[in-house]
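First comes the structure, then the notes that go with it.
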Amino acid sequence: AYLWSDAMSNYTYVGTPHLPEISALLNVAKTLDGYITFIFISDNEFQGLCRALSLPELAANPDYAEPVGRMPNMPQISKIASAEIAKLTTADIVARFAKEQVPCARINLRADLLNDPQIVHNKLLIETDDPVMGKVRFPRPAIQFSKTPSSVRSMAPKVGAHNDEIFSEIGVSADELATLKAKGAFG
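Next up, the structure:
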């Protein structure tokens, strides 16, 4: 139910024709120096896109005056927008879209993630020491609650690391466990 409004929008209104899935409205466009993703659904977002890309003829097209008219034409509109975006740098188009409140984001390369301002600010990556691998980096738990914060207390255990505790909990004595180990039961 958490993502119902976005992921299930086509199944909310009973008996109405299905529009393109929201995910089909997400665009990826090449810039002069990278890629961005953007989306425009509302009238304000569409008009902002047209202003940001200096496309007054697109904004004035009566077929695109409302979302219901734009939806069937989204691939064509996106193609026109992407052609204009290709003439700009990533920083320029992201700034233009931000000014016009068109949802967009720079698409990071994997190496860019380590220094992405939002990732750094939100402390999304954590580092810890592993006795075998050394220092390792990985994402922290995504959901953070103020009263019950989540954390990573240790790396995932190696195969068999907790055999003694587990077998003890199910009633296997230390002597029986030693016998099993001596017979090679654990590899």
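In our numbering, the protein residues as written are 97 to 283. Every residue gets a Cβ at the ideal spot worked out from N, C-alpha and C, and that includes glycine.
9 Å Cβ cutoff, residue i in contact with chain B
i      : result
Gln143 : Absent here is chain B; the protein component of the structure consists of one chain.
Rounded C-alpha distance that separates residue i from residue j
i      : j      : result
Asp208 : Val216 : 11 Å
Met251 : Pro235 : 12 Å
Lys279 : Met229 : 30 Å
Asn218 : Glu141 : 27 Å
Leu221 : Glu265 : 35 Å
Ala148 : Tyr109 : 33 Å
Ser269 : Glu223 : 38 Å
Glu196 : Thr244 : 38 Å
Glu153 : Leu122 : 22 Å
Glu180 : Glu117 : 24 Å
Ser138 : Tyr107 : 19 Å
Gly283 : Asn259 : 12 Å
Met167 : Met104 : 16 Å
Leu210 : Val248 : 19 Å
Ala182 : Ser242 : 43 Å
Pro171 : Phe263 : 60 Å
Ala161 : Val198 : 17 Å
Gly111 : Gln214 : 41 Å
Arg206 : Gln240 : 24 Å
Glu272 : Ala281 : 11 Å
Contacting residues, own chain, Cβ-Cβ under 6 Å from residue i (five flanking each side not counted)
i      : result
Gly165 : Asp159
Ala97  : A caution first: Ala97 carries a pLDDT of 49, below 50, which makes its placement in the model too unreliable to give a value.
Asp226 : Val232, Met251
Ala155 : Gln143, Cys146
Ser174 : Asn123
Within 9 Å, strictly: CB atoms of residue i and residue j
i      : j      : result
Leu128 : Phe136 : no
Phe134 : Ala120 : no
Ala177 : Leu151 : yes
Thr186 : Gly130 : yes
Ser246 : Pro253 : no
Sequence-distant residues of its chain with Cβ nearer than 8 Å to residue i (five each side left out)
i      : result
Asp212 : Asn204
Cys200 : Ile132, Thr133, Phe134, Ile135, Ile189, Val190, Phe193, Ala194
Gln275 : In the sequence on display, residue 275 carries Thr and not Gln. None.
Neighbourhood of residue i by C-beta distance below 7 Å, restricted to the same chain and skipping five residues each side
i      : result
Arg202 : Gly130, Ile132, Thr186, Val190
Entirely within the region 116-185 and at least 4 residues each: give me those alpha helix (DSSP H) ranges in chain order.
Runs of the alpha helix (DSSP H) spanning 4 or more residues and lying entirely within the region 116-185 occur at 118-121, 139-148, 152-156, 163-166, 170-181, in chain order.
Which runs of the alpha helix (DSSP H) at least 4 residues long sit entirely within the region 183-261? Give them in chain order.
Those alpha helix (DSSP H) runs which fall completely within the region 183-261 and span 4+ residues are 186-195, 213-217.
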